[in-house]
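At the far end of the sequence shown sits residue 618, using the working numbering, and the numbering has no gaps.
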Amino acid sequence: MAAAAAAAVKRRQEVEAAIAAGEIHLPAQPIQPKGGKRRNSLPDEGAGFWKYQRQVAVAYMDVKSQLAVAVLISGNFLVNIVEKWIDPSGEVHADVWRGTDLFFNILFFIELMINMYGFWWVRFWTSAWNVFDFVVVSIGVLDVFQVQLPGPLSLLRMMRAFRVFRLFKRVQSLKKILDSLTKALPSHINSFGILLLVMCIYAILAVDFFMNYGGEGFYTTNLNDTIDATTTRGLSWGYDYYGNFGLSLFTMFQVITGDSWSEAVARPLVHGQDGVLAFGSAMYFISFQLVCGVVLINVTIAILLEKMVDDGSEKMEAAQQEAQRRLLEGIDLDKLPIEVLDGAISGSLTGDALGEAGEMLEMEGEVQQMRRDLLVLRKGLKDVLVTLQKPEDLSAIDELEVASVTESTHDE
Numbered sequence: 207m208a209a210a211a212a213a214a215v216k217r218r219q220e221v222e223a224a225i226a227a228g229e230i231h232l233p234a235q236p237i238q239p240k241g242g243k244r245r246n247s248l249p250d251e252g253a254g255f256w257k258y259q260r261q262v263a264v265a266y267m268d269v270k271s272q273l274a275v276a277v278l279i280s281g282n283f284l285v286n287i288v289e290k291w292i293d294p295s296g297e298v299h300a301d302v303w304r305g306t307d308l309f310f311n312i313l314f315f316i317e318l319m320i321n322m323y324g325f326w327w328v329r330f331w332t333s334a335w336n337v338f339d340f341v342v343v344s345i346g347v348l349d350v351f352q353v354q355l356p357g358p359l360s361l362l363r364m365m366r367a368f369r370v371f372r373l374f375k376r377v378q379s380l381k382k383i384l385d386s387l388t389k390a391l392p393s394h395i396n397s398f399g400i401l402l403l404v405m406c407i408y409a410i411l412a413v414d415f416f417m418n419y420g421g422e423g424f425y426t427t428n429l430n431d432t433i434d435a436t437t438t439r440g441l442s443w444g445y446d447y448y449g450n451f452g453l454s455l456f457t458m459f460q461v462i463t464g465d466s467w468s469e470a471v472a473r474p475l476v477h478g479q480d481g482v483l484a485f486g487s488a489m490y491f492i493s494f495q496l497v498c499g500v501v502l503i504n505v506t507i508a509i510l511l512e513k514m515v516d517d518g519s520e521k522m523e524a525a526q527q528e529a530q531r532r533l534l535e536g537i538d539l540d541k542l543p544i545e546v547l548d549g550a551i552s553g554s555l556t557g558d559a560l561g562e563a564g565e566m567l568e569m570e571g572e573v574q575q576m577r578r579d580l581l582v583l584r585k586g587l588k589d590v591l592v593t594l595q596k597p598e599d600l601s602a603i604d605e606l607e608v609a610s611v612t613e614s615t616h617d618e
């Protein structure tokens, strides 16, 4: 796993170094979404109430403004930590905590209003981060005015603890991690589905094999010692861990997390008097750990690492597509050498090869233009000779054309 992480980081660094050195040229214009304007583009100059919208948007997106908001969010998070540390019930210093909540809620509300004014309407609501900000700040406003929410809606006040997640929008390094998790989510769902399927299979087998183990309240070890098999919950050992599918699946989850599974879950079976059951139990837990704890868990980690380096891969792919577009733009593909065309389509051509192919095609165009100029000159000379009534010189012009065309073909 460490080697995979090191390889991923090295790959990203190589791509970024190549871009910085100019070996990879990114497209001058970013790809626009199908809808037209980019979602985070700045608004145009407005009139009336929206006269200063663009200036407000520029000021809001400034690095200093975003840093100030990030500091504000971090400060609010630290205050919440201190509150739950020294006054968990919130009753000893109630006035202090109400004052800090009011202070931060007012500042967050002002920040939200500035954001909404600068990017209203579509630009604001099409951003998931803005929607999250709106929900969190709205809950804070309701808390300031002490609005009593009915039933389960009162739990929304707990959303105040998630204000710190707004940092992911403003700190690029944190946002990159969250974007990687989002990109990896579809693949992770598949890998977790396979993991859950294997755990369910093992849970079903465990119910059949171990449900009645220690059912009499004790079990006998391979040394003929009698051990009490009643758990602290007053249940027999076999039923407590493998009594039904739900209990057995939870036990499998305990095994895969490594939570004292060997001592509490496996060893009573491995040290049992029945040698066949003891050996089978050992193979059961070993195979489960190898399949789930080693292979499938590392598959999910590998998927996450792959998505974390996709940013560099996407830049490389964008650079290749831009180079191929520039190479093929305005060129008759029938005249393009087949090896160059194949390389451009597959993206296997290097930057130097693309440059050489472009120069070759440019030279070919110049040769073709020279041939067309010679044909025009020949026609003009023929017209002049016909006008002067000297047809005997036409053969010399034909020889001149053949020699010129032959020389042009040789240069090509």
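Ideal Cβ positions, reconstructed from N, Cα and C, are used throughout, including at glycine. Since the structure is predicted, the reported quantities are computational estimates derived from the model, not experimental observations.
Check whether the segment 471–483 and the segment 433–449 touch, using three or more Cβ-Cβ pairs below 8 angstroms as the test.
Of all C-beta pairs linking the segment 471–483 to the segment 433–449, three or more are shorter than 8 angstroms, placing the two stretches in contact.
Please report the residue range of the beta strand (DSSP E) in which residue 463 lies.
Here residue 463 belongs to no beta strand (DSSP E); instead the alpha helix (DSSP H) covers 451–463.
For residue 420, does the count of other Cβ atoms within 10 angstroms reach 16, so buried, or fall short, so exposed?
With 16 or more other Cβ atoms from the protein chains shown falling within 10 Å of its own Cβ, residue 420 counts as buried.
Buried versus exposed, by CB contacts within 10 Å (16 or more), residue 467
Its Cβ being crowded by 16 or more others within 10 Å, residue 467 is buried.
Going by beta carbon distance, what residues of the same chain come within less than 6 angstroms of residue 335, once the five residues before and after it are set aside?
Excluding sequence neighbours, residue 335 sits near 375.
Rounded Cβ spacing between residue 322 and residue 330 (contact assumed at less than 8 angstroms)
That belief holds up - the Cβ atoms of residue 322 and residue 330 are roughly 6 angstroms apart, short of 8 angstroms.
Put residue 434 into one of helix, strand or coil per three-state DSSP.
Strand at residue 434.
Complete runs of the alpha helix (DSSP H) confined to the segment 306–342 [at least 4 residues]
Segments of the alpha helix (DSSP H) lying fully in the segment 306–342: 328–331.
Rounding to the nearest angstrom, what Cα-Cα distance links residue 241 and residue 333 in this structure?
Because residue 241 sits at a pLDDT of 42, beneath the cut-off of 50, its placement in the model cannot be relied upon, and the following sentence gives the value as read from the coordinates. Residue 241 and residue 333 have their C-alpha atoms roughly 14 angstroms apart.
Can you tell me which residues form a DSSP beta bridge with residue 424?
According to DSSP, residue 424 bridges with 434.
Per DSSP, the bridge partner or partners of residue 478:
Beta-bridge partners of residue 478 (DSSP): 427.
CA-to-CA distance, residue 496 to residue 377, given in whole angstroms:
Between residue 377 and residue 496, the C-alpha separation is close to 38 angstroms.
Cβ-Cβ distance between residue 308 and residue 278 below 7 angstroms:
In this structure, residue 278 does not lie closer than 7 angstroms to residue 308 by Cβ.
What number of angstroms, rounded off, separates the C-alpha of residue 291 from the C-alpha of residue 303?
For residue 291 and residue 303, the distance between alpha carbons rounds to 13 angstroms.
In angstroms, rounded to a whole number, what distance separates the CA positions of residue 403 and residue 409?
Each residue's CA atom was taken as its position, placing residue 403 and residue 409 some 10 angstroms apart.
Contact the segment 423–437 vs the segment 449–464: 3+ CB pairs below 8 angstroms
Two segments are said to touch when three or more pairs of C-beta atoms, one from each, lie closer than 8 angstroms; by this definition the segment 423–437 does not touch the segment 449–464.
By alpha-carbon positions, which one of 430, 511, 263, 366 ends up nearest to residue 390?
The shortest C-alpha separation from residue 390 is found at 511.
Contact check, residue 338 vs residue 263, beta carbons under 7 angstroms
The Cβ-Cβ distance between residue 338 and residue 263 does not fall below 7 angstroms.
Whole angstroms are fine: how far does the CA of residue 342 sit from the CA of residue 486?
For residue 486 and residue 342, the distance between alpha carbons rounds to 53 angstroms.
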